[in-house]
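Heads up: the structure comes next, in structure tokens.
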Amino acid sequence: MMPNLDRLFSQRRSLRSFSERPIERPALHGMFEAARWAASAFNEQPWSYVVLDDPASDVRARVLDSMEPHNRAWAEKAPVILASVAQLGFRGRDGANRHAYHDVGQANAHLALRAAELGLTVHMIGGFKYQAAGEALGLAAGFEVVALMAVAYPGPAEALPEPLRLRETAPRVRREVGEFVRFG
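Residue numbers for the sequence shown, in full-length UniProt numbering: 1 to 184.
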């Protein structure tokens, strides 16, 4: 593998301590440019994103309200909250796209790796009320929020309360390849 990719894969972290430094629009654009090149079933590209970067926004407040309290406690400090959204049906033909969530996940992974390359952290959040988040975002029928993401430049771990500080600084543990791959 390429050394830079190896470094991105191994050093990317889902941090909870964030700098107050704003994220420049070109950095966000670069993240979305990476997401747009993700593979998808039938090239449907069923992803879309909502950027919540206005701290005074009612929509941002309602999306934060949809989060589980233990996630909101740290996520609300991020300058950007992203919502990744899946279109559940195919464009121009009948039927559900059973790969939509997978495809959005691929786009999210591309986005997170580009963010890491730019010195940003992306913390994916699955602990939220999906229907409430979708309503806050005004999603039409056939669209669902897949994940929320807190995006920021990393901040000092010391700014977190003790249990989170320990998790923030603990070594990353990953299963060995042989634990999740079978041949035959």
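No residue lacks a Cβ here, since even glycine has one placed at the ideal position from N, Cα and C.
Cα-Cα, which of the options is closest to residue i?
| i | options | result |
| --- | --- | --- |
| Ser-84 | Lys-77, Leu-118, Leu-52, Asn-97 | Leu-52 |
| Glu-23 | Val-151, Leu-166, Ala-136 | Reading off the sequence shown, one finds Ile at residue 23, where the question assumed Glu. Measuring from the Cα of Ile-23, the nearest candidate turns out to be Val-151. |
| Gly-155 | Gly-119, Phe-32, Val-177, Glu-144 | Gly-119 |
| Ser-14 | Val-173, His-99, Phe-32, Gly-178 | Val-173 |
| Val-59 | Arg-7, Ala-133, Ala-141, Pro-163 | Ala-133 |
| Tyr-153 | Ser-19, Ser-48, Arg-12 | Ser-19 |
| Arg-7 | Ala-96, Ala-116, Asn-97 | Ala-116 |
| Gly-142 | Ser-57, Leu-82, Phe-42, Ala-100 | Ala-100 |
| Glu-44 | Gln-106, Met-149, Ser-57 | Gln-106 |
| Arg-12 | Glu-176, Pro-171, Glu-162 | Pro-171 |
| Val-50 | Leu-148, Thr-121, Val-177 | Leu-148 |
| Gly-95 | Lys-77, Ala-56, Phe-42, Ala-78 | Phe-42 |
| Arg-21 | Val-177, Arg-175, Gly-89, Thr-121 | Thr-121 |
Mark residue i as exposed unless 16 or more other C-beta atoms lie within 10 angstroms of its C-beta, in which case mark it buried.
| i | result |
| --- | --- |
| Ser-10 | exposed |
| Ala-75 | buried |
| Val-146 | buried |
| His-70 | exposed |
| Gln-131 | exposed |
| Asn-4 | exposed |
| Asp-103 | buried |
| Val-181 | exposed |
| Leu-166 | exposed |
| Ala-56 | exposed |
Within the same chain, show all residues whose beta-carbon is closer than 7 Å to that of residue i, passing over the 5 residues directly before and after it, in chain order.
| i | result |
| --- | --- |
| Arg-72 | Leu-64 |
| Ala-114 | At residue 114 the sequence reads Arg, which differs from the Ala that was named. Closer than 7 Å at the Cβ level, and outside the excluded window around Arg-114, lie Gly-30, Met-31, Ala-34. |
| Arg-16 | Trp-74, His-123, Leu-160, Leu-164, Glu-168 |
| Lys-129 | Ser-66 |
| Arg-91 | Glu-44 |
| Ala-157 | Ser-17, Arg-165, Glu-168, Thr-169 |
| residue 185 | In the structure as shown, the chain starts at 1 and stops at 184, and residue 185 therefore has no counterpart that could be examined. |
| Glu-179 | none |
Go through its chain and collect everything with a Cβ distance to residue i's Cβ below 6 Å, but skip five positions before and after it.
| i | result |
| --- | --- |
| residue 187 | This structure cannot settle anything about residue 187, because the visible part of the chain is limited to 1 through 184. |
| Arg-62 | Ala-136 |
| Val-80 | Ile-23, Asp-53, Val-151 |
| Ala-86 | Pro-46, Ala-100, Tyr-101, Val-104, Glu-144, Val-146 |
| Ser-48 | Val-85 |
Ordered along the chain, which non-local residues of its own chain (more than five positions away) have a Cβ less than 8 Å from that of residue i?
| i | result |
| --- | --- |
| Ala-78 | Phe-18, His-123, Ala-150, Val-151, Ala-152 |
| Leu-88 | Pro-46, Ala-96, Asn-97, Ala-100, Gly-142, Phe-143, Glu-144 |
| Glu-176 | none |
(message) For the pair the region 109-124 and the region 28-41, tell me if three or more CB-CB distances fall below 8 Å.
(response) yes
(message) Quick check on the DSSP output: what are the complete alpha helix (DSSP H) runs of length 4 or more inside the UniProt domain "Nitroreductase" (59-153), in order along the chain?
(response) 69-75, 100-117, 130-137
(message) Below 8 Å, how does it come out for the region 130-147 and the region 24-34: are there three or more Cβ pairs, yes or no?
(response) no
(request) Would you list, in sequence order, the uninterrupted alpha helix (DSSP H) runs of no fewer than 4 residues that lie entirely inside the UniProt domain "Nitroreductase" (11-58)? (result) 25-36
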